[in-house]
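Take 0 as the starting number for the sequence shown in numbering that gives the first Met the number 0 and just add one per residue. Heads up, the beta-carbon is just placed ideally off N, CA and C, and yes, glycines get one too. Shown next, in structure tokens, is the structure this report addresses.
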Amino acid sequence: MAPFSSLQGIRGVGPRRAAILAEAGIRSIDDLYDYFPRRYLDRTRLKKIRSLVDGETVTVVGTVTETRLENGGRGQSRFKAQVSDGSGLLDLTWFRGVHYFSKSIAAGDTVAVHGRVTFFGRLPGMQHPDYDRLDRRGQEGPGDDELYNTGAIIPIYPTSEVMKQAGLNSGAIRTIVHRAFRDLPVRFDEHLSDGIMAACRLMPIDEAYRQIHFPSSPEELDRAVYRMKWDELFFSQLFFALRRTGERRKASVRFDHSGIRTASLHERLPFKMTDAQKQAVRELYHDLRSGRQMNRLLQGDVGSGKTLVAQFAITLAVDNGLQAAFMAPTEILAFQHAIGMKQALEPLGLRIALLTGKRAKKERQAVLASIGSGEVDVVVGTHAIIEDEVQFHRLGLVVIDEQHRFGVMQRKALQDKAENPHVLLMTATPIPRTLTMGAYGDLDVTVIAEMPPGRTPIRTRLCREQDKEALYESIRAEVGQGRQAYIVYPLVEESEKIDLRAATESFEHLKSEVFPDLRLGLIHGQLPPAEKESVMDSFRSGLLDILVGTTVIEVGVDVPNATVMVIEHAERFGISQLHQLRGRVGRGVHSSSCFLVYSKLAGDAAERLHALESTTDGFRLSEIDLQLRGAGNMLGREQSGAVSGLRIADILTDGEIMRSARTAAFDLVRKDETLRRPENATIRDYYMNTFRCGVTLADVG
Ligand code: ADP
Ligand code: MG
Numbered sequence: 000m001a002p003f004s005s006l007q008g009i010r011g012v013g014p015r016r017a018a019i020l021a022e023a024g025i026r027s028i029d030d031l032y033d034y035f036p037r038r039y040l041d042r043t044r045l046k047k048i049r050s051l052v053d054g055e056t057v058t059v060v061g062t063v064t065e066t067r068l069e070n071g072g073r074g075q076s077r078f079k080a081q082v083s084d085g086s087g088l089l090d091l092t093w094f095r096g097v098h099y100f101s102k103s104i105a106a107g108d109t110v111a112v113h114g115r116v117t118f119f120g121r122l123p124g125m126q127h128p129d130y131d132r133l134d135r136r137g138q139e140g141p142g143d144d145e146l147y148n149t150g151a152i153i154p155i156y157p158t159s160e161v162m163k164q165a166g167l168n169s170g171a172i173r174t175i176v177h178r179a180f181r182d183l184p185v186r187f188d189e190h191l192s193d194g195i196m197a198a199c200r201l202m203p204i205d206e207a208y209r210q211i212h213f214p215s216s217p218e219e220l221d222r223a224v225y226r227m228k229w230d231e232l233f234f235s236q237l238f239f240a241l242r243r244t245g246e247r248r249k250a251s252v253r254f255d256h257s258g259i260r261t262a263s264l265h266e267r268l269p270f271k272m273t274d275a276q277k278q279a280v281r282e283l284y285h286d287l288r289s290g291r292q293m294n295r296l297l298q299g300d301v302g303s304g305k306t307l308v309a310q311f312a313i314t315l316a317v318d319n320g321l322q323a324a325f326m327a328p329t330e331i332l333a334f335q336h337a338i339g340m341k342q343a344l345e346p347l348g349l350r351i352a353l354l355t356g357k358r359a360k361k362e363r364q365a366v367l368a369s370i371g372s373g374e375v376d377v378v379v380g381t382h383a384i385i386e387d388e389v390q391f392h393r394l395g396l397v398v399i400d401e402q403h404r405f406g407v408m409q410r411k412a413l414q415d416k417a418e419n420p421h422v423l424l425m426t427a428t429p430i431p432r433t434l435t436m437g438a439y440g441d442l443d444v445t446v447i448a449e450m451p452p453g454r455t456p457i458r459t460r461l462c463r464e465q466d467k468e469a470l471y472e473s474i475r476a477e478v479g480q481g482r483q484a485y486i487v488y489p490l491v492e493e494s495e496k497i498d499l500r501a502a503t504e505s506f507e508h509l510k511s512e513v514f515p516d517l518r519l520g521l522i523h524g525q526l527p528p529a530e531k532e533s534v535m536d537s538f539r540s541g542l543l544d545i546l547v548g549t550t551v552i553e554v555g556v557d558v559p560n561a562t563v564m565v566i567e568h569a570e571r572f573g574i575s576q577l578h579q580l581r582g583r584v585g586r587g588v589h590s591s592s593c594f595l596v597y598s599k600l601a602g603d604a605a606e607r608l609h610a611l612e613s614t615t616d617g618f619r620l621s622e623i624d625l626q627l628r629g630a631g632n633m634l635g636r637e638q639s640g641a642v643s644g645l646r647i648a649d650i651l652t653d654g655e656i657m658r659s660a661r662t663a664a665f666d667l668v669r670k671d672e673t674l675r676r677p678e679n680a681t682i683r684d685y686y687m688n689t690f691r692c693g694v695t696l697a698d699v700g
């Protein structure tokens, strides 16, 4: 592409700046072209200060004439700057980050500020505007005239503090990019095939690069941005598409006997399956009978009945003479699932064993032996299942419940217990569709988008710490009706001991002062497993009215008679955790309520709790969550890699582009599994060289 790749070949870039640019990830000319603006100023929409109107939100470009650090009283300082654009003066004020801004803004700077205009008397001002320094007078820098005078749209490049200090502000970067384009004979060879270019109506890559850095019009810029996003999404989806064919090709045992056990599981059901459950079972069975390895994610909101779907797959495995492993993230959950499986599957002749880390040694040896000999059909357990000493006789199916709680390595370790066993991942953390495509694009996905009938929606109310008396009355009334309640205290890792004490003390208080006449139990992670099990058992069988606990009861616990959920310090929990906790009630025919108790409500916490109050739709909540937290934080670490690998596309807002790119990628692989055809050679090369996914392609081809 470029005849040489040293940045120092560009006028204005010496060793020092080259080092700073390298620090920012710009090590070569190619990196420079790939350093995209973070936003654009449309000069045709810039406003002169003279014509500003109170209350409007605008962008103004001008020069800082003076700056001032002021004492705003009560120990509060503020930073003020005045900007002139020749037509008038604009006052900028910062109350927060005062120290930072006072250091980074100086008289003489050319800045672009964006914000809402407020008039103080006749002087227009902005508070906490979005601000970009375009250039700084007196610093060694390009200062070319072409800086602001070419084109109507000015790109604003991201710059770090270190870059700014070296004069590498947005304007300087733009000049450097401009010189690179002007002085070096650059051409970006198109890597997509003519067919894809035409079908998806994409701007050629060379043009897109030029438009991204030097837009000639808003429309052309839009097309360029679309092309870049599309490209990025296309190659990430290509990764998934190739992986999927790779895994698809792996043969796995064909479960083609639909035996007697499966039939009687169906006959013995105490309720009718929902249509969504039936459809999910059909999809699973299709995979299991295909002779290729199943790799499916079963998504469904809390309480949608995923366990039953898994039980059908498990039963089919056993009908075909194979074993199944079911892994859950906590001991309580594993224990509960073991009970559930025993109830549902033992009458069909399946032999179930529970395996958790904290079993007594002798008992454990016996369980291990029966797993190894094939005496046991289904092993339910925690991650204890993946330990080396656990050897299966003939493992054919792996089910991982609440899969987002496990790391990739743990999931892989379980799968490695057999050769290409079928894999079913389950999650109650609903993920927006586009995010699923972006993060789990290599899995088949089944969604259970329907709740079993007869559920009454959970009423959720916020409750101030001071107003808990009323809440206690509600609990008392429910218990009087024969119902049960949970009271949950958060357990935040850093302060585990203190929180545990808080939970224990509150338990004592509730037991002796508030509900001396009721039966209360306490459960938390530090209890020995046997004790945890016995407390859970008592609650399940109705021997306890109120279960006080830490978040160990968060996942999967299923007691339909419990109708009240009180969450203390709700402001400390995240949206999905609150949604999970709330899902512990509303599981039976009785109407349920959830109380979110808080002491202070501010910022994001307020938004989270109000979101919970406004809807019980897990998908809606996860979208809100995503908006509040960003994609990277929402998924586990290794999944966020796949997502945050995106530089310009936004998985939330670019759903349309994602769909187009995904379709194209999967079509391509369907027609040319290993990208061996000549017309796809450039796609193949680009994929191998530019995206770090070459390994997969090598695996495939
Ligand atoms: P989750 O999807 O959260 O794992 P579960 O599998 O624990 O949900 O199911 C929640 C509850 O709903 C359980 O008590 C289960 O027995 C019950 N259930 C499952 N399917 C149905 C159905 N079709 N009709 C009625 N109740 C059902
Ligand atoms: Mg579950």
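For residue i, the three-state DSSP class (helix, strand or coil)
{"i": "L349", "result": "coil"}
{"i": "K47", "result": "coil"}
{"i": "E418", "result": "coil"}
{"i": "S575", "result": "helix"}
{"i": "Y225", "result": "helix"}
{"i": "R683", "result": "helix"}
{"i": "H285", "result": "helix"}
{"i": "R38", "result": "strand"}
{"i": "A250", "result": "strand"}
{"i": "T66", "result": "strand"}
{"i": "I370", "result": "helix"}
{"i": "D131", "result": "strand"}
{"i": "G258", "result": "coil"}
{"i": "E189", "result": "coil"}
{"i": "V565", "result": "strand"}
{"i": "K79", "result": "strand"}
{"i": "V112", "result": "strand"}
{"i": "H601", "result": "One point to set straight first is that residue 601 is Ala, not His, in the sequence displayed. Residue state, collapsed to three classes: coil."}
{"i": "V97", "result": "helix"}
{"i": "G710", "result": "Any answer about residue 710 is impossible in this case: the structure gives the chain only from 0 up to 700."}
Residue i vs residue j beta-carbon contact at 9 Å
{"i": "T549", "j": "G524", "result": "yes"}
{"i": "I351", "j": "V379", "result": "yes"}
{"i": "F187", "j": "I172", "result": "no"}
{"i": "H265", "j": "L461", "result": "no"}
{"i": "E55", "j": "R121", "result": "no"}
{"i": "A333", "j": "Q579", "result": "no"}
{"i": "Q335", "j": "M535", "result": "yes"}
{"i": "D666", "j": "K228", "result": "no"}
{"i": "S343", "j": "Q310", "result": "Ser is not the amino acid found at residue 343; the sequence shown has Ala there. Closer than 9 Å, so yes."}
{"i": "V63", "j": "K47", "result": "no"}
Delimiting residues of the beta strand (DSSP E) encompassing residue i
{"i": "P123", "result": "122-126"}
{"i": "I104", "result": "No beta strand (DSSP E) contains I104, which DSSP labels as neither H nor E."}
{"i": "M657", "result": "From DSSP, M657 is part of no beta strand (DSSP E) but of the alpha helix (DSSP H) over 654-670."}
Classification of residue i by the beta-carbon crowding that lies within 10 angstroms, buried from 16 upward
{"i": "A484", "result": "buried"}
{"i": "Y597", "result": "buried"}
{"i": "Q210", "result": "buried"}
{"i": "F682", "result": "For clarity, residue 682 is Ile in the given sequence; the question names Phe instead. It counts as buried."}
{"i": "D144", "result": "The predicted position of D144 is uncertain, since its pLDDT is 40 and thus under 50; a value taken from the coordinates is nonetheless stated next. With fewer than 16 other Cβ atoms within 10 Å, it is exposed."}
{"i": "K79", "result": "buried"}
{"i": "H421", "result": "buried"}
{"i": "G96", "result": "exposed"}
{"i": "I259", "result": "exposed"}
{"i": "L268", "result": "exposed"}
{"i": "Y99", "result": "exposed"}
{"i": "P14", "result": "exposed"}
{"i": "T562", "result": "buried"}
{"i": "A223", "result": "buried"}
Element boundaries [alpha helix (DSSP H), containing residue i]
{"i": "Q292", "result": "From DSSP, Q292 is part of no alpha helix (DSSP H); its letter is neither H nor E."}
{"i": "G535", "result": "The identity of residue 535 in the sequence shown is Met, whereas the question assumes Gly. Taken as a continuous stretch (DSSP letters only), the alpha helix (DSSP H) holding M535 covers 528-539."}
{"i": "T158", "result": "It is not in any alpha helix (DSSP H) - T158 carries neither H nor E in the DSSP assignment."}
{"i": "F180", "result": "169-182"}
{"i": "A702", "result": "In this structure the chain extends from 0 to 700, so residue 702 is not present and cannot be described."}
Residue i: CB within 8 Å of a non-hydrogen atom of ligand 3
{"i": "D557", "result": "Ligands displayed in this structure: ligand 1 and ligand 2; ligand 3 is not among them."}
| task | Taking only runs that begin and end inside the region 295-329, name each unbroken alpha helix (DSSP H) of 4 or more residues, in chain order. | result | 305-318
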